[in-house]
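Notes to accompany the following structure.
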Amino acid sequence: MMLRSKSRGGSIDSGKRRHASIFSRTISASKLCRCDAMRSQIDSDAIVSLERKPTIKHSSENGIDRLLIVQEQMGKLEEELKETREQLNFVEEEKNRAINELSEMKHVAYEINVKATDELSPRKSRELYAEIRILKEMLTHKQEELKIKDKNIKQDSLNKSRLNSEESKLEIASLHEKIESLDTSFKQNGRYLDHSCNEEMENLKYELELAKENEKAESSKAKALNDEMSLLKNEMKLANEAEEKSRKALDDLALALKEVASEACEAKEKLSATQLELGQVKKEAGNLKEMIKSIKARYKKLLDEAKEETELYRNIADRLKLEVEESLVAWNGKEMSFIACIREAEEERDLALQEAAKLNESLNAAEQMLKQQGKKTIN
Numbered sequence: 004m005m006l007r008s009k010s011r012g013g014s015i016d017s018g019k020r021r022h023a024s025i026f027s028r029t030i031s032a033s034k035l036c037r038c039d040a041m042r043s044q045i046d047s048d049a050i051v052s053l054e055r056k057p058t059i060k061h062s063s064e065n066g067i068d069r070l071l072i073v074q075e076q077m078g079k080l081e082e083e084l085k086e087t088r089e090q091l092n093f094v095e096e097e098k099n100r101a102i103n104e105l106s107e108m109k110h111v112a113y114e115i116n117v118k119a120t121d122e123l124s125p126r127k128s129r130e131l132y133a134e135i136r137i138l139k140e141m142l143t144h145k146q147e148e149l150k151i152k153d154k155n156i157k158q159d160s161l162n163k164s165r166l167n168s169e170e171s172k173l174e175i176a177s178l179h180e181k182i183e184s185l186d187t188s189f190k191q192n193g194r195y196l197d198h199s200c201n202e203e204m205e206n207l208k209y210e211l212e213l214a215k216e217n218e219k220a221e222s223s224k225a226k227a228l229n230d231e232m233s234l235l236k237n238e239m240k241l242a243n244e245a246e247e248k249s250r251k252a253l254d255d256l257a258l259a260l261k262e263v264a265s266e267a268c269e270a271k272e273k274l275s276a277t278q279l280e281l282g283q284v285k286k287e288a289g290n291l292k293e294m295i296k297s298i299k300a301r302y303k304k305l306l307d308e309a310k311e312e313t314e315l316y317r318n319i320a321d322r323l324k325l326e327v328e329e330s331l332v333a334w335n336g337k338e339m340s341f342i343a344c345i346r347e348a349e350e351e352r353d354l355a356l357q358e359a360a361k362l363n364e365s366l367n368a369a370e371q372m373l374k375q376q377g378k379k380t381i382n
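Counted the way the numbering used here counts, the sequence shown spans residues 4 to 382.
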C-alpha cells in the first residue's frame, strides 16, 4: 500500500509539473500574441500615418519615394504574415501539447479511479479529494487560457486582415490619385515634361498593377488565414469538449470517491461493531472454555470416583462370588452328608418298623396264648 501511494503521489506531482509548464507556455504564448498584435497595430498606424501625409503634386521625386514606401510596407506585410504563420504554428503545437496533457490527465484520473477501488482510509480519501480538486483547478485554468488564446488569435487575425485590406485599399487609392495627378499635370504641362516623367508614369502604372496583384494575394492569404482560424477554432472546440469530458470524468470520479469513502466509513463502523461483537464472543468463548474445563475436571473426578467404586464393587462381587462358591461347595457337602444321614435314618426306621412288626406279631401271639391259657384256666 505504501508503494502504491508513493507511485500515485509521484504521478500526481509529475502531472502537476507538466500542467504548470503547459500553463506557463500558454501564458507566454498569449503574451506573445498580444505583443505581436500591439506591434502590428503600431506598424499599421505608422503605415496609415505615412499614407495620410500630404503629398506634393506634380513632383517625380515624391512619386519615387511613395513607391519605395509602398514596397517597404509590402515587405513589412510579408514579414508580418510570416510571423503570423509562425505564431499559428506555435499555437497549434501548444494546442497539441495541451491535448496530450489532457490525455495524460485522463490517464491519471483513470489510475486514480482504479486505485480508489482499493481499501480507502480517511487520510487517503482526503488526499484523493485534494488531487481531484487540484486537477479541477488546473482544468479550469487551462480552459480559461485556451479561451483567452482563442480570443487573442481571433482578434489578431481580424485586426491583421482588416489592416491588410485597408492598407491595400489605401495604397491603391493613393496610387490612383498619384496617377490622376500625374495625368493632369502631364496634360497641363506636357510640353515641359521630359522623358523621365513618362518613365515614372509607366513605373507607377506597373506598381499599380503589382499593388492590385498583391491585394489579390493578400486577400487569398487572408482567406487562407481565415480557413486556418476555422480549423483552429474547430480544434479548440474539440479541446474544450475533451476538457469538459475530463471535467465530467473528474466529477464522476469525485462522486465515486465520495461514495467509496462513505462505504469505507460504513464498512469501518461495521468492522468496529463486528470486532466488538467478536471480542464479546471471544470473551464468552473463554468463559465457556473455563466452564467446560471445570466441568471436565469435575466429571473426571466423578468418573475416577465411579471407577474406584466400580473397582471396589467388582472386588466385593469377586469376593462374594468366591464365598458363594465356597458356600455352595460346603452346602453341597453338607447336603450329601444330610442325604446320607436321611438314608441311614430311613434305613433305621425301616429296621425299627420291621422290629415293631415283629414285636406286634409277638404281642399278638402272646395275647392269643394268654387268651387260650385264660380259657383253659376258666375251664
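From the three backbone atoms N, C-alpha and C, an ideal C-beta is built for every residue, glycine too. Bear in mind that the values here come from a model prediction, so they are computed numbers and not experimental data.
When the options are compared against residue i, the one with the closest alpha-carbon
| i | options | result |
| --- | --- | --- |
| N99 | A333, I345, A242 | A242 |
| I137 | N237, L253, E269 | L253 |
| R250 | K378, H144, K226 | H144 |
| E89 | A264, E358, E231, N103 | E231 |
Cα-Cα separation between residue i and residue j, rounded to whole angstroms
| i | j | result |
| --- | --- | --- |
| M339 | E364 | 37 Å |
| T380 | A368 | 18 Å |
| K271 | K248 | 33 Å |
| K296 | A257 | 56 Å |
| A276 | E262 | 21 Å |
| Q376 | E370 | 9 Å |
| I319 | K310 | 14 Å |
| K273 | L279 | 10 Å |
| E349 | K361 | 18 Å |
| E308 | A343 | 51 Å |
| K79 | K85 | 10 Å |
| L366 | E328 | 55 Å |
| E82 | D255 | 49 Å |
| S27 | M239 | Residue placement at S27 is flagged as unreliable, the pLDDT there being 44, under the threshold of 50; the coordinate-derived value follows with that caveat. Each residue's alpha carbon lies about 18 Å from the other. |
| F331 | L323 | Looking at the sequence provided, one finds Leu at residue 331 rather than Phe. Spanning the two alpha carbons is a distance of roughly 12 Å. |
| N237 | S265 | 41 Å |
| D46 | E244 | With a pLDDT of only 42 at D46, under 50, the local geometry of the prediction cannot be trusted, and no value is derived from it. |
| L306 | E312 | 10 Å |
Exposure of residue i, with buried meaning 16 or more beta-carbon neighbours within 10 Å
| i | result |
| --- | --- |
| L260 | buried |
| Y302 | exposed |
| L235 | buried |
| A267 | buried |
| M141 | buried |
| E212 | exposed |
| E96 | exposed |
| E246 | buried |
| E148 | buried |
| A300 | exposed |
| A355 | exposed |
Proximity test, Cβ basis, 8 Å: residue i and chain C
| i | result |
| --- | --- |
| E326 | Absence of chain C from the displayed structure is noted, only one protein chain being present. |
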